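Take a look at the structure set out below.
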Amino acid sequence: MSTIVAVTGQCDADDRLIEADEALAGLQARCGGDLPGVLAVPALLALVRHTRVSGVAQSRIIGALDDGKPVGFLASVTPVAGGTHIELSQWRLMGDGLPDAAPVDVLLYQTAALHALLDTDQRVLSVDLRVPDGAEGDRALADLAAHWRADRDNVWSRSVELVGVAHRQPLHWRLIDDTAIRIPGSAQMWRARLLPRGDVGFDLLILPDAIGDIAETAAPRAEPEQSWSRMIGRDLAPALRQPINRIVANAETIRTRLAGPLVDEYAGYAADIAEAGRHLLALVEDLADLDAVEAPEFNPAPDRIDLSDCGRRAAGILAMRAAERGITLISPDEDHTIPATGEFRRVLQILLNLITNAIRYGPERSSVQIETGGDAQTAWVAVSDQGAGLSADQAAHVFDKFERLGRTGDGGSGLGLYISRRLARAMGGDLVVAQDGPGARFVLTLPGRANA
Numbered sequence: 003m004s005t006i007v008a009v010t011g012q013c014d015a016d017d018r019l020i021e022a023d024e025a026l027a028g029l030q031a032r033c034g035g036d037l038p039g040v041l042a043v044p045a046l047l048a049l050v051r052h053t054r055v056s057g058v059a060q061s062r063i064i065g066a067l068d069d070g071k072p073v074g075f076l077a078s079v080t081p082v083a084g085g086t087h088i089e090l091s092q093w094r095l096m097g098d099g100l101p102d103a104a105p106v107d108v109l110l111y112q113t114a115a116l117h118a119l120l121d122t123d124q125r126v127l128s129v130d131l132r133v134p135d136g137a138e139g140d141r142a143l144a145d146l147a148a149h150w151r152a153d154r155d156n157v158w159s160r161s162v163e164l165v166g167v168a169h170r171q172p173l174h175w176r177l178i179d180d181t182a183i184r185i186p187g188s189a190q191m192w193r194a195r196l197l198p199r200g201d202v203g204f205d206l207l208i209l210p211d212a213i214g215d216i217a218e219t220a221a222p223r224a225e226p227e228q229s230w231s232r233m234i235g236r237d238l239a240p241a242l243r244q245p246i247n248r249i250v251a252n253a254e255t256i257r258t259r260l261a262g263p264l265v266d267e268y269a270g271y272a273a274d275i276a277e278a279g280r281h282l283l284a285l286v287e288d289l290a291d292l293d294a295v296e297a298p299e300f301n302p303a304p305d306r307i308d309l310s311d312c313g314r315r316a317a318g319i320l321a322m323r324a325a326e327r328g329i330t331l332i333s334p335d336e337d338h339t340i341p342a343t344g345e346f347r348r349v350l351q352i353l354l355n356l357i358t359n360a361i362r363y364g365p366e367r368s369s370v371q372i373e374t375g376g377d378a379q380t381a382w383v384a385v386s387d388q389g390a391g392l393s394a395d396q397a398a399h400v401f402d403k404f405e406r407l408g409r410t411g412d413g414g415s416g417l418g419l420y421i422s423r424r425l426a427r428a429m430g431g432d433l434v435v436a437q438d439g440p441g442a443r444f445v446l447t448l449p450g451r452a453n454a
């Protein structure tokens with residue numbers, strides 16, 4: 003697909019696409035949406051929502067699946083009376099001049115407890131507080147958001163403590179991106195992510211730190227022979243995240259030729275560096291999560307969630323990865339809801355792990371089914387693939403720590419399913435594998451709303 007002229011559309015106050023040029027209407031339909039109807043491209047919907055809430059125009063390159071093909075385009079969204087105005091331009095097939103991975107990290111935006119828009123000097127322009135009612139740290143976050151709204155001439159970082167950073171603020175954004183922070187009034191640790199928005203400023207996302215509250219409240223450390231994973235998760239992971247993220251970001255800048263012309267051979271080297279960096283970062287995050295879930299103090303924050311919505315979100319995030327292997331993700335219908343009780347961020351983490359495994363190990367040009375169900379007492383979501391399935395012996399050991407089932411060289415750590423089951427049980431549910439027929443079927447159960 004080559005670049006086409008810009009197309010436009012209009013969304014109402016509920017982020018429903020109500021008017022669209024032919025190309026945008028076609029994309030909406032091919033992604034399974036209606037006109038009028040809620041935007042069917044997850045990353046575009048997230049951008050529209052943030053623009054409407056903040057009242058500040060935003061532009062970003064995002065990705066979508068158009069008739070099964072991964073495409074990227076520049077989306078510019080402007081707040082208008084009664085909703086938002088959309089303009090899409092520079093449509094291309096992924097790999098034809100645009101990055102493989104869109105700069106918008108949908109998972110970060112969806113799990114952030116607080117989202118702020120900053121100007122180029124890192125002063126707060128607007129704040130969107132999205133922490134669930136009753137969640138840990140919600141009062142401290144609300145106070146921080148109120149402070150930023152009242153004093154927008156101040157740099158955001160002067161209102162929090164940047165762990166391990168003693169320099170005068172503001173520092174260059176790359177030096178404080180993914181830094182652990184302490185928020186006044188909150189015992190929980192948080193993490194700040196800064197995402198540049200061209201030459202107009204930054205998105206600031208405040209997210210729960212995977213190991214923050216453990217670092218604050220943990221008992222004295224065990225002897226060295228018993229504490230290796232906690233040393234990696236608590237001490238090394240925070241120190242490793244930032245330099246690895248810089249390696250990936252700089253390699254992507256080189257690969258996509260944003261820094262200037264480059265021969266194809268060296269662009270390929272940069273792509274290899276970026277991929278290796280992502281693999282290393284995924285391993286670091288797995289070890290950090292391992293530290294968290296094995297700590298006796300670990301206690302997820304229960305939310306009122308919709309399992310069908312979680313399944314749709316996870317499928318939307320991984321749709322492009324599935325398309326690369328010709329795999330179709332079948333998620334619950336938009337009008338299907340299954341109320342449950344669990345921590346949204348952790349449930350999404352489990353589903354992303356299950357669907358990623360199904361994509362990675364399922365046959366090409368197959369499908370992955372995401373189903374949900376339940377009653378007032380128990381809710382469940384299942385992820386099924388069309389692969390070879392698991393033997394009885396494999397099923398008995400698939401949740402073991404560092405279990406790889408004999409696979410090597412696939413980029414996995416052997417921790418994903420172990421961590422996912424620990425998370426499920428910490429939320430009062432469970433994660434099991436069923437052997438009902440061909441393929442593998444993993445079922446996550448959680449307490450229903452009646453148990454909230």
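Throughout, the numbering used here is defined as the position within the sequence shown, counted from one, plus 2.
Ideal Cβ placement from N, Cα and C applies to all residues, glycine included.
Because the structure is a prediction, the values reported are computed rather than measured.
Burial state of residue i (16 or more Cβ within 10 Å)
i	result
PHE404	exposed
ASP135	Its pLDDT being 42, under 50, ASP135 is placed unreliably by the model, and nothing is read from it.
GLU227	Interpretation of GLU227 is limited by its pLDDT of 39, a score under 50 that renders its predicted location unreliable; the figure taken from the coordinates is listed afterwards. Exposed, since its Cβ has fewer than 16 Cβ neighbours within 10 Å.
ASP98	Unreliable positioning characterises ASP98 in this predicted model, as indicated by a pLDDT of 39, which lies under 50. The coordinate reading is nonetheless provided below. ASP98 should be labelled exposed.
PRO440	exposed
TYR268	exposed
CYS13	buried
ALA294	buried
SER4	Caution is warranted here: a pLDDT of 38 is assigned to SER4, below 50, making its placement in the model unreliable, and no coordinate value can be reported.
GLN379	exposed
VAL9	buried
GLY270	exposed
ASN359	buried
ARG348	buried
Opposing strand residues paired with residue i [DSSP bridges]
i	result
THR330	SER369
ASP130	HIS117
TRP382	GLY375 and THR447
HIS87	GLN12 and THR80
GLN60	VAL79
GLY39	LEU19
THR181	ALA194
ILE319	In the DSSP output, where bridge partners are listed per residue, ILE319 has none listed.
ASP387	DSSP, once it has assigned bridges, lists no residue as partnering ASP387.
GLU163	ARG184
ARG125	VAL157
PRO172	Its beta-bridge partners do not exist; DSSP assigns none.
Check whether residue i and residue j have beta carbons under 8 Å apart
i	j	result
ALA316	LEU353	yes
LEU76	SER56	no
SER161	TRP150	yes
GLY34	ASP23	no
ALA115	LEU49	no
PRO341	ASP377	no
GLY313	PRO334	yes
VAL435	ALA426	no
PHE444	VAL370	no
GLY203	LEU292	no
LEU264	ILE275	no
LEU197	ILE178	no
ILE372	LEU320	no
Where the alpha helix (DSSP H) through residue i begins and ends
i	result
TRP150	140-152
LEU207	Taken as a continuous stretch (DSSP letters only), LEU207 belongs to no alpha helix (DSSP H), being part of the beta strand (DSSP E) at 204-210.
SER358	The sequence shown places Thr at residue 358, rather than the Ser named in the question. Its alpha helix (DSSP H) spans residues 346-363.
ILE275	266-296
ILE2	Because the chain in this structure spans residues 3 to 454, residue 2 falls outside the shown range and cannot be described.
ARG32	24-32
ASP308	Taken as a continuous stretch (DSSP letters only), ASP308 belongs to no alpha helix (DSSP H), being part of the beta strand (DSSP E) at 305-308.
PRO189	The displayed chain sequence assigns Ala, not Pro, to residue 189. Unbroken run through ALA189: none, as it is neither H nor E.
ALA398	394-399
Start and end residues, beta strand (DSSP E) containing residue i
i	result
LEU433	432-436
heavy atom of the ligand MG below 7 Å from residue i C-beta
i	result
GLU267	For the ligand MG, the structure offers nothing, since it holds no ligand at all.
Minimum Cβ-Cβ distance from residue i to chain C less than 8 Å
i	result
HIS52	Going by chain labels, chain C is absent from the structure shown, which holds only one protein chain.
inquiry  = If contact is defined by three or more beta carbon pairs under 8 Å, each pair taking one atom from either stretch, is the region 317-337 in contact with the region 279-291?
reply    = No: the two stretches stay apart, fewer than three of their Cβ pairs being nearer than 8 Å.
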